[in-house]
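For reference, the structure is listed below as structure tokens.
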Amino acid sequence: MTGNHKIAVVNWLYSGLFLVVAMVVIGGITRLTGSGLSMVEWQVISGAIPPLNAEEWEKAFDAYKQFPEYQKMNYHLTLSGFKGIFWWEYSHRLAGRITGLVFIIPFIYFLWKKRLSKLEIKNLIFILFLGILQGAMGWFMVKSGLINNPHVSHFRLAAHLSLALLLIGSIQWLILKIKYPDLKGLICWETIRFPLATLCLLLIFIQVVLGAFVAGLKSGYYHNTFPLMNSQLIPWDSFARGDLWDNGSFVQFLHRWFAWIVFGVVVATWLKIRTGYCTLRVRKYSNYLMLMALVQVILGISTLILAVPLSLGVAHQITAVILFSLSLTLLYHVRHCGEFAFT
């Protein structure tokens, strides 16, 4: 691949990465505004066109009225209010369609021009598979809320967000491989930095998934005090209600305290990199990760104490994605040691 072709492919992948992150952000807003069940059908082609006149809006609203969310929770909703929640869910789905087109059309072009290696093609096919699976999981999640209990399954929400992270990670890893190709003899597996960076990525991923459980169970609205939960360090009485993974108090407890484990590992990684031999690029991303971890802790506590205001809830989710992205970038670069990494 020539320099210009490499730049074109990387820019294309960056545009796809940006769109996937935008989808995650819009999805977070959709969830926090209670808009996720406003579109009760999944029409891949015709669903791209929103209601365009009063008759079509009434038809969409009437379809929504047939389901429990309207009948049990939003029975007071007017057509104007319905439009407000509809547009968020529509925007989320439209972003998915745009992302698909932005990925598929250039992919076909680069294949035709033979600008992709066999390994890159395999990686891109895997990314395409993840994207299709993500769309299907999104609808599978929505279907779980179109029943007597008008709330989406927190398990399916966690799966939906997990796939989004895998998609982001797969695209970003491919970008890194193209921009900074592996050089034989420059892979450093033996130092403690590599397992620490790997642990950072794994723990951040788990913490984000726990956050999805908190969101799905709406347990961010419980125990809005810190550090105690209703004057208790461990609210044992709250844990006695039903299955633990369906218990909002238990899930919030896990998300609260697992965060400190994650933060501790990030600090340990940062200190190890700061005090040992490392490349400038590794030091840079380690500093970024440490800074964003501090920001995320402050955001998490503030979001909890203020009972999840929209702005803080969205910021908390965006920062989680940034942390995941930074930890992945750090892991990639910490594998290498050599002159090419000092730039």
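Each residue of the sequence shown is one higher than the one before, starting from 15 at the first, in our numbering.
The C-beta atom is built at its ideal place from N, Cα and C for all residues, glycine as well.
Is the separation between the beta-carbon of residue i and that of residue j shorter than 7 Å?
i           : j           : result
residue 98  : residue 328 : no
residue 266 : residue 222 : no
residue 309 : residue 333 : yes
residue 175 : residue 226 : yes
residue 244 : residue 318 : no
Tell me, please, which residues DSSP counts as bridged to residue i.
i           : result
residue 186 : Paired residues: none, contrary to the question.
residue 246 : 243
Determine the closest residue to residue i out of the options, with distance taken between C-alpha atoms.
i           : options            : result
residue 54  : 71, 191, 77, 66    : 77
residue 63  : 100, 139, 195, 48  : 100
residue 107 : 219, 150, 163      : 150
residue 320 : 216, 93, 240       : 240
residue 70  : 257, 190, 330, 96  : 96
residue 339 : 189, 168, 292, 234 : 189
residue 146 : 177, 137, 254      : 177
residue 234 : 257, 322, 175      : 322
residue 181 : 66, 137, 220       : 137
residue 133 : 317, 289, 195, 174 : 195
residue 121 : 142, 246, 269      : 142
residue 330 : 33, 32, 39, 34     : 39
residue 306 : 318, 291, 276      : 276
residue 315 : 264, 242, 291      : 242
residue 115 : 34, 292, 232, 85   : 34
residue 148 : 220, 127, 126, 172 : 172
residue 247 : 260, 232, 271      : 271
Which same chain residues, not among the five before or five after residue i, have their C-beta less than 8 Å away from its C-beta?
i           : result
residue 129 : 15, 19, 22, 23
residue 27  : 185, 188, 189, 192
residue 37  : 106, 109, 110, 113, 178
residue 167 : 155, 158, 159, 230
residue 299 : 340, 343, 344, 347
residue 87  : 164
residue 72  : 93
residue 288 : 297, 300
residue 80  : 54
residue 249 : 237, 243, 263, 267
residue 203 : Residue placement at residue 203 is poorly supported in this model, since its pLDDT is 49, which falls under 50; the coordinates are not used for a value here.
Contact check, residue i vs residue j under 8 Å by CB: the rounded distance?
i           : j           : result
residue 348 : residue 281 : Not really, about 16 Å apart at Cβ, beyond 8 Å.
residue 337 : residue 218 : 5 Å
residue 302 : residue 262 : About 33 Å; that fails the 8 Å criterion.
residue 273 : residue 335 : That belief does not hold up - the Cβ atoms of residue 273 and residue 335 are roughly 16 Å apart, past 8 Å.
residue 224 : residue 269 : 4 Å
residue 93  : residue 84  : No, residue 93 and residue 84 are not in contact; Cβ-Cβ is about 12 Å, not under 8 Å.
Counting only the same chain and skipping the five closest in sequence on each side, list residues whose C-beta sits under 6 Å from that of residue i.
i           : result
residue 117 : 30
residue 324 : 46
residue 124 : 130
residue 346 : 190
residue 197 : Low local confidence applies: a pLDDT of 48 at residue 197 is under 50, so the model's placement there is unreliable, and no value is given.
residue 279 : 213, 214, 217
residue 264 : 253, 258
residue 74  : 65
Between residue i and the rest of its own chain, which residues show a CB-CB distance below 7 Å, the 5 nearest in sequence each way excluded?
i           : result
residue 154 : 170
residue 342 : 183, 186, 187, 215
residue 192 : 20, 23, 24
residue 162 : 82
residue 165 : 159
residue 286 : 206, 207, 210
residue 103 : 44, 49, 50, 52, 53
residue 57  : none
At a cut-off of 6 Å, is residue i close to the ligand ATP when judged by its beta-carbon and the heavy atoms of the ligand?
i           : result
residue 112 : By its list of ligands, the structure shown contains no ligand whatsoever, and the ligand ATP lies outside what it can speak to.
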